[in-house]
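**Q**
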Amino acid sequence: MSAENKINHQFLNSKFFFPNWKIQTLVLGTFNPSCGEETDYFYGRCQNKFWRTIEEISNRDYRWFQNNFERKLKFMKENEFGCTDIIKSLVIINGVERKDFCGSGYSDQILFTAKKCTLTYQFEEIKSFIKKNNVSKIINTWGKLKGPADFKKHLVELETFCNQNKISYINDCPSPSGRLRSKEHKIHLAEFYKSNLLITSP
């Protein structure tokens with residue numbers, strides 16, 4: 005395998021690839037390529053609505069969290085949640101251009117439906133983290149993303165694991181993707197985060 009064909013997660017070797025603070029809720033995303041837009045934390049791209057929505061529902065100024073990890077960390081500690089992604093790395097299939105994965109604001113669909121790469125998941129690491137840290141709630145944020153059979157199999161196993169360990173597993177979270185811009189989606193996202201992420205008053 006050529007090193008040029010492998011792309012690691014941008015935060016794979018960071019101290020916060022898994023939260024190292026007390027959490028009740030673990031938010032699961034998909035992937036953040038090391039060769040893509042540099043960010044300070046999960047969902048950190050300018051067009052992503054995750055932190056934008058939290059700014060609004062917590063009555064903070066526009067772009068309060070943008071490129072400010074310490075503010076994000078303080079908020080997450082106060083509300084006892086943290087994030088990670090389900091994919092650690094990928095290998096691009098020969099003949100596929102690296103720029104398809106390294107451009108700004110790429111779509112997750114290319115990971116699952118275009119058959120342009122092979123994926124290395126970290127579902128076992130996620131399960132281990134959940135048990136070790138007494139996590140009580142899991143939220144996946146990829147919405148109605150369609151994936152291959154192995155992806156669906158892992159999701160079923162994760163949900164079963166959560167049910168067996170009396171952990172709340174939420175799989176109907178609206179996607180925070182910047183591509184979804186309707187007013188209805190924005191309202192739905194805000195209501196969901198208020199109900200499932202905030203434990204402190206704005």
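Be aware that the sequence shown starts at 5, since it is given in my numbering, and climbs by one per residue.
Beta carbons: idealized from backbone N, C-alpha and C, even for Gly.
(1) How big is the Cα-Cα spacing for N158 and L16?
(2) Taking Cβ positions, are C106 and I143 nearer each other than 7 angstroms?
(3) Can you list, in chain order, the residues of its chain with a C-beta nearer than 6 angstroms to that of R14? Leave out the 5 residues immediately preceding and following it.
(4) Under the three-state reduction of DSSP, which class applies to L123: helix, strand or coil?
(5) Please determine, among S179, I191, K187, the residue with the shortest C-alpha to C-alpha distance to L32.
(6) Can you tell me whether DSSP reads I130 as helix, strand or coil?
(7) Can G151 and N52 be called in contact, C-beta distance under 7 angstroms?
(8) Quick one: what does DSSP say C87 is sitting in, helix, strand or coil?
(9) In terms of residues, what are the limits of the alpha helix (DSSP H) holding I114?
(10) Who are the near neighbours of M5 in its chain, counting only those whose CB is closer than 7 angstroms to its CB and skipping five residues on each side?
(11) Taking a contact to mean a Cβ-Cβ separation below 7 angstroms, would you say F165 touches K136 in this structure?
(12) Check whether the region 75-85 touches the region 20-27, counting contact only when three or more Cβ pairs, one atom from each stretch, lie closer than 8 angstroms.
**A** In this structure, then:
(1) At residue 158 the sequence reads His, which differs from the Asn that was named. One C-alpha to the other measures close to 20 angstroms.
(2) Taking 7 angstroms as the cut-off, the Cβ atoms of C106 and I143 do not count as close.
(3) According to the sequence shown, residue 14 is Gln rather than Arg. Cβ within range, chain order: N36, S38.
(4) strand
(5) S179
(6) If DSSP states are grouped into helix, strand and coil, I130 belongs with the helices.
(7) no
(8) strand
(9) 113-116
(10) Legend: pLDDT at M5 = 49, less than 50; position of this residue unreliable, no value from coordinates given.
(11) no
(12) A contact exists between the region 75-85 and the region 20-27.
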